[in-house]
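Just below is one structure, and these are the notes that go with it.
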Amino acid sequence: MDPKASRRFFLHKAAASIGLAISAPAIAMLVSACERDEVTPKPPTGTTVTFDVTTAPELAIVGGITLTFVEGLNGGSPVFISRIALNTFAVFSSVCTHAACEVSLPSAPGENCICGCHRSMFSSKDGSVVQQPITGRATDLPRFASTFNSTTNILTITA
Ligand code: FES
565 MDPKASRRFF LHKAAASIGL AISAPAIAML VSACERDEVT PKPPTGTTVT
615 FDVTTAPELA IVGGITLTFV EGLNGGSPVF ISRIALNTFA VFSSVCTHAA
665 CEVSLPSAPG ENCICGCHRS MFSSKDGSVV QQPITGRATD LPRFASTFNS
715 TTNILTITA
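Shown next, in the form of structure tokens:
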């Protein structure tokens, strides 16, 4: 065999071997990383989290509603917090029960929360279904129990 062809053959085989050796662990690491990302830890039932109501100006009035992330609640998805009375709040998921799109904030106080994917509507007071989607069925948005301390303005939410 021609020495240049032999060297080229050797280098080609060596590069292929190194590439295989490097890519196998790299693939294993990527798979492992992806598996970790897919698991969103949810706190066990009964865990409580807190939310400072003063951080959401929309909640200063009865009928106000906000869409926010609360760490440790709803698997990392935002929740609606609605002030339904002076010292009473409703907390419910923003994940549509029809096909998991994110439900939007009402455009004005007192209006319903709308899912833009298939036009479901949910009450801004408690997340109950007001209008079913154009196809299929939705159920009420999951609600989280909460208690409000009017002295500290802290809402304690059970996850
Ligand atoms: S995902 Fe919300 S209506 Fe379909």
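Numbers given in the numbering used here equal positions in the sequence shown, counted from 1, plus 564. Backbone N, C-alpha and C fix where the C-beta goes; we use that ideal spot for every residue, glycine too. As the structure is a computational prediction, the values presented were derived from the model and not from experiment.
As the crow flies, the alpha-carbon of PRO697 is around 12 Å from that of ALA664. In the structure shown, GLU666 adopts extended strand secondary structure according to DSSP, grouped into three states.
When distances are taken from the beta-carbon of GLY700 to the heavy atoms of the ligand FES, the shortest one is below 8 Å.
With contacts defined by Cβ atoms closer than 9 Å, THR619 and ILE721 do not form a contacting pair. Here ASN676 is actually not in contact with SER657; their C-beta atoms are around 15 Å apart, not less than 8 Å.
According to the DSSP secondary-structure assignment, LEU719 is paired through a beta bridge with PHE615, PHE712. In the structure shown, ALA654 falls within a strand segment according to DSSP collapsed to helix, strand and coil. Sixteen is the threshold: since fewer than 16 other Cβ atoms of the shown chains lie within 10 Å of the Cβ of ARG683, the residue is exposed.
Taken through DSSP and simplified to helix, strand or coil, LEU705 comes out as coil. Between ASN651 and SER692, the beta carbon gap of about 21 Å keeps them out of contact (Cβ cut-off 8 Å). If you ignore the 5 residues before and after VAL655, its C-beta comes within less than 6 Å of the C-beta of VAL643, ILE645, PHE708, SER710, ILE721, all in its own chain and listed in chain order. According to the DSSP assignment, VAL693 belongs to the beta strand (DSSP E) that extends over 693-695.
Taking non-hydrogen atoms of the ligand FES into account, the C-beta of CYS660 is found less than 8 Å away from one of them.
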